[in-house]
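For the sequence shown, the numbering used here begins at 1 and goes up steadily by one. Here is the structure we will look at, set down as structure tokens.
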Amino acid sequence: MVAEREPAADGGGGALSPHAAAALLLSCPDPAALLRQAMSAGRPTAGIHAGILYVLQDDGWLRLTASEGVDEDALRPYTLVAPDAELPVATVVRERRSAYTLSEGPGSVSPRRDGGPPLVAYGTFPLVADDRCLGALTLLMRDAEPPTDSEHSELSGIATVCAHRLAHLLSRTEPPAAGNPVLDGATRVVGARSRATRLELSMSTAAIGSFDWDFVTSRVVYDERMCRLYGLRPEEADQRIDAFFEVVHPADRATVDAAVEQAKQTGICEVAHRILHPDGSVHWVDVRGRVFHDVNGRAQNMVGVAQDRTREYENEARKQDRKDFVMGVTRGFSAALSTQDVIDAMARSVLPAFRARGLAVYLQKSERTRLAGTRGFDDAARARLRAVGEAAAGNPVFSGMRKGEPLFLEDRRQYVEAFPDPRMAPMTDHQAWAMLPLVAPDGLVGACVIVFDRPHRFSSDDRTVCTAVAGLLAQSLSRSRLFDERRTQLTELQGLLLPQNIADLPGLQLAVRYLPGSDGLMVGGDWYDSIPLPGGRSGLVIGDVQGHSAKAAAVMGHLRSAMRAHAAEGYGLAGLMSRSNRTLCELDTDLFATCCMIEIDLSRNSFLLVRAGHPLPMLLAPDGTAHEVDSAGGLPLGCFLDAEYTVTEEALPPGATLLLYTDGLVETRGRDYADAVADVCQRLARPDTADGSPAAHRDLDRLAELIVAPAASYTPHDDIALMLVRRDGGTTDTAAS
Numbered sequence: 001m002v003a004e005r006e007p008a009a010d011g012g013g014g015a016l017s018p019h020a021a022a023a024l025l026l027s028c029p030d031p032a033a034l035l036r037q038a039m040s041a042g043r044p045t046a047g048i049h050a051g052i053l054y055v056l057q058d059d060g061w062l063r064l065t066a067s068e069g070v071d072e073d074a075l076r077p078y079t080l081v082a083p084d085a086e087l088p089v090a091t092v093v094r095e096r097r098s099a100y101t102l103s104e105g106p107g108s109v110s111p112r113r114d115g116g117p118p119l120v121a122y123g124t125f126p127l128v129a130d131d132r133c134l135g136a137l138t139l140l141m142r143d144a145e146p147p148t149d150s151e152h153s154e155l156s157g158i159a160t161v162c163a164h165r166l167a168h169l170l171s172r173t174e175p176p177a178a179g180n181p182v183l184d185g186a187t188r189v190v191g192a193r194s195r196a197t198r199l200e201l202s203m204s205t206a207a208i209g210s211f212d213w214d215f216v217t218s219r220v221v222y223d224e225r226m227c228r229l230y231g232l233r234p235e236e237a238d239q240r241i242d243a244f245f246e247v248v249h250p251a252d253r254a255t256v257d258a259a260v261e262q263a264k265q266t267g268i269c270e271v272a273h274r275i276l277h278p279d280g281s282v283h284w285v286d287v288r289g290r291v292f293h294d295v296n297g298r299a300q301n302m303v304g305v306a307q308d309r310t311r312e313y314e315n316e317a318r319k320q321d322r323k324d325f326v327m328g329v330t331r332g333f334s335a336a337l338s339t340q341d342v343i344d345a346m347a348r349s350v351l352p353a354f355r356a357r358g359l360a361v362y363l364q365k366s367e368r369t370r371l372a373g374t375r376g377f378d379d380a381a382r383a384r385l386r387a388v389g390e391a392a393a394g395n396p397v398f399s400g401m402r403k404g405e406p407l408f409l410e411d412r413r414q415y416v417e418a419f420p421d422p423r424m425a426p427m428t429d430h431q432a433w434a435m436l437p438l439v440a441p442d443g444l445v446g447a448c449v450i451v452f453d454r455p456h457r458f459s460s461d462d463r464t465v466c467t468a469v470a471g472l473l474a475q476s477l478s479r480s481r482l483f484d485e486r487r488t489q490l491t492e493l494q495g496l497l498l499p500q501n502i503a504d505l506p507g508l509q510l511a512v513r514y515l516p517g518s519d520g521l522m523v524g525g526d527w528y529d530s531i532p533l534p535g536g537r538s539g540l541v542i543g544d545v546q547g548h549s550a551k552a553a554a555v556m557g558h559l560r561s562a563m564r565a566h567a568a569e570g571y572g573l574a575g576l577m578s579r580s581n582r583t584l585c586e587l588d589t590d591l592f593a594t595c596c597m598i599e600i601d602l603s604r605n606s607f608l609l610v611r612a613g614h615p616l617p618m619l620l621a622p623d624g625t626a627h628e629v630d631s632a633g634g635l636p637l638g639c640f641l642d643a644e645y646t647v648t649e650e651a652l653p654p655g656a657t658l659l660l661y662t663d664g665l666v667e668t669r670g671r672d673y674a675d676a677v678a679d680v681c682q683r684l685a686r687p688d689t690a691d692g693s694p695a696a697h698r699d700l701d702r703l704a705e706l707i708v709a710p711a712a713s714y715t716p717h718d719d720i721a722l723m724l725v726r727r728d729g730g731t732t733d734t735a736a737s
């Protein structure tokens, strides 16, 4: 119940809901106030700025009863209108239908193009109650053109309520308002009708129920519509107010109680609340009421109206749900960088919301359609979707999609009619499709196909949301394609800074892997290298420059080149690490780097190891056991110019395997470092294989994939570099078994 406003003398006031306007019209004390309130109710709809009210007399003549905003001198010839007059006010009374008319007159907002007098537009409505015409209402409108269907419906509703209120005014026993002595004939026409019947008719016109609640006795008088609004059977409901409170939703009972108590103080009650019908359904009602007090100021009763607003609330809830859904999709897309990120975000948002089977995203480039990604499909379905994309290029149905027109196919019959080409035949479990063009400012990006595993009726809400999401997806994909291209360029640049071919090392097998980080455009500073040394010795280097940027990649390239140069000068491991540290300290950068170098001497069955803040290497022994190689480590490169580095010697028997790696392999957000190291060590010793055979121990490439795969699956993950080196000779078959 919203606080009702008293009818303004000038007809002012903001737009009211239909039942609020009806309540105000039904409270008007005289025809003049009724006319003003009718103008006020119609002003937001059609810009009403003047009005005239005629009442039908016993002799059939129409008498001018009230006017507002019209020159009295201009109306003087029309004080009485004959029944057969060719005037709109007489015509609508004879024919019982409304009419809209244009005439020349002052005060119009619609000047004529030919320079003639301005046009005045007005609508005239018969005032009919209980199947009897009581008069006519004329309203002058803002625009010189007929109102829309919606405006006509609202104005007709206002006239209907006015008719019932006028009937009540004409049936009163007291004399009519001063200045209206001619109402006696019309009064006799409607005098025998009960006020309750007329009120019921007016309420039913606007689907409004009415009630009169006696606070003293806790009894309520209500109409049948009010009863049904609250889910009560009129023939069974009693007059206890508790019968109505019992169906109020428990969560809203306190709100209703508070509104009633406040109304007893203020005189005005407004509340919107839910009610529970016997069938379990939940409905919304808006209630407005006015409280009357006795001479001592005590609240005696409340008279009010109620209207079912379930549809409006549900529409508003759906509108809010659509808004929240689109905002959620927008947030998901805003965090997506690559094309795959965008497809993942789309799948997370759309598939659960639409209860869809899966989705496929196609990208178009140079008149070719490519399947960029899918969710919810197996290999066979993906192959079919790929073939559909290739065949769709020449299908005329897609010409509409190129113009930005979506295609909604609710069952297989519609699909086959649209795509008779056998190459585009759907999978048997695909039953409905939403095909959405992805159009960005620079043109068609591609298409998104949402697939359902059962026939699906696409409501207007579904279509609206799909279209909105398609627009967001197109913009995100357009942006992500630029990101992918840029990232590819940077990754290729970083690849050029790494060894293109690993040099063959006598007596050793070698496998390397490098995976760029998954987060952002910035390249990392991980690197590896193999360096042949004099005397049949072999050197391996792995390192990681701090940060993720083009600067880190440049420092990495500089360090790698410097190490190869220092190695060629004959420096040992300690000297090589010290010289590299000095090189980085003298560079114009504040970045540091970690590094691990080993020198393998097959003649001594051993290797030398030196570290600068880098993770410990791991050793897989010929007997199948694996462990970290414990060794002293120095400070990272670039920290102090005079840093020293200790060299450790360890055994390397035939068949043993060494693993060197950067911290991206074991450092993952939310995971314990020691657990990650132990997991890598276990994979090194007992790697998973498809058939359980020990072949992976002898195939370093396969072993490298098994080791790096878990870390690469985390999102996001850092750059990862690793080197596997195995000394020839010996076997690990027994250990692997």
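Virtual Cβ for every residue (Gly too), placed ideally from N, Cα, C.
About 16 Å separates the CB atoms of Ala562 and Val610; that is not less than 8 Å, and the two are not in contact. When Gly543, Glu569 and Gly572 are compared, the shortest CA-CA separation from His558 is found for Gly543. Your pair Gly297 and Cys269 does not check out as a contact, with CB atoms roughly 17 Å apart and the cut at 8 Å. Judged by DSSP in its simplified three-state form, Phe607 adopts strand. For Leu371, DSSP records a beta bridge to Tyr362. Between Glu86 and the set Ala99, Ala74 and Arg76, the nearest pair of CA atoms involves Ala99. Sixteen is the threshold: when 16 or more other Cβ atoms of the shown chains lie within 10 Å of the Cβ of Ser349, as they do, the residue is buried. The region 323-334 makes no contact with the region 229-248, as fewer than three CB pairs between them are under 8 Å. Taking 7 Å as the cut-off, the beta carbon of Ala306 is found closer than this to the beta carbon of Val287. For Gln239, the secondary structure class from DSSP, reduced to helix, strand or coil, is coil.
In the DSSP secondary-structure assignment, His430 is not bridged to any residue.
Inclusion of Gly332 and Ala317 in the CB contact set at 7 Å is not warranted, their separation being larger than that value. Annotated three-state conformation of Phe592 is coil, per DSSP. The shortest CA-to-CA distance from Phe592 to any of Glu569, Phe607, Ala554 and Leu620 is the one to Ala554.
Ranked by Cα distance from Gly358, the options Asn301, Phe452, Gly389 and Gly69 are led by Phe452.
Bridge pairing for Ala121: Leu102 and Met141 [DSSP].
The residue from Val445, Arg454 and Pro437 with its alpha-carbon nearest to that of Gln431 is Arg454. Secondary structure of Gln509 (DSSP, three-state): strand. Among the bridge pairs identified by DSSP, Asn581 is matched with none. Taken through DSSP and simplified to helix, strand or coil, Tyr661 comes out as strand. Under DSSP, the beta-bridge partners assigned to Ala50 are Leu140. Here the C-alpha atom of Gly634 lies approximately 7 Å from the C-alpha atom of Thr646. Nearest neighbour of Gly47 by Cα position, chosen from Val89, Gly123 and His19, turns out to be Gly123.
Remark: fewer than three beta-carbon pairs, one from each stretch, lie closer than 8 Å, so the region 50-60 and the region 146-154 are not flagged as touching.
Bounds of the alpha helix (DSSP H) holding Arg253 are Arg253 to Thr266. In the DSSP annotation of this structure, Gly332 is not part of any beta strand (DSSP E); the continuous alpha helix (DSSP H) holding it starts and ends at Thr310 to Ser334. Bounds of the alpha helix (DSSP H) holding Tyr415 are Arg412 to Ala418. Met597 counts as buried, since no fewer than 16 other beta carbons sit within 10 angstroms of its beta carbon. Proximity to Leu64 across Ser40, Val89, Phe458 and Ala41 peaks at Val89, based on C-alpha coordinates. Less than 7 Å separates the beta-carbon of Ala167 from that of Ala129. Taking a C-beta distance under 7 Å as the contact criterion, Arg253 and Trp284 do not qualify as a contact pair.
At the C-beta level, Leu703 and Tyr661 stay beyond 7 Å of one another.
Ala676 is the residue among Val361, Gly729, Leu619 and Ala676 whose C-alpha sits nearest the C-alpha of Pro710.
Taking the Cβ atoms as the reference, Met556 lies roughly 5 Å from Val545, within the contact range of under 8 Å.
Taking all protein chains in view, the Cβ of Arg413 is surrounded by fewer than 16 other Cβ atoms within 10 Å, so the residue is classified as exposed.
Between the C-alpha atoms of Asp529 and Phe607 there is a straight-line separation of about 16 Å.
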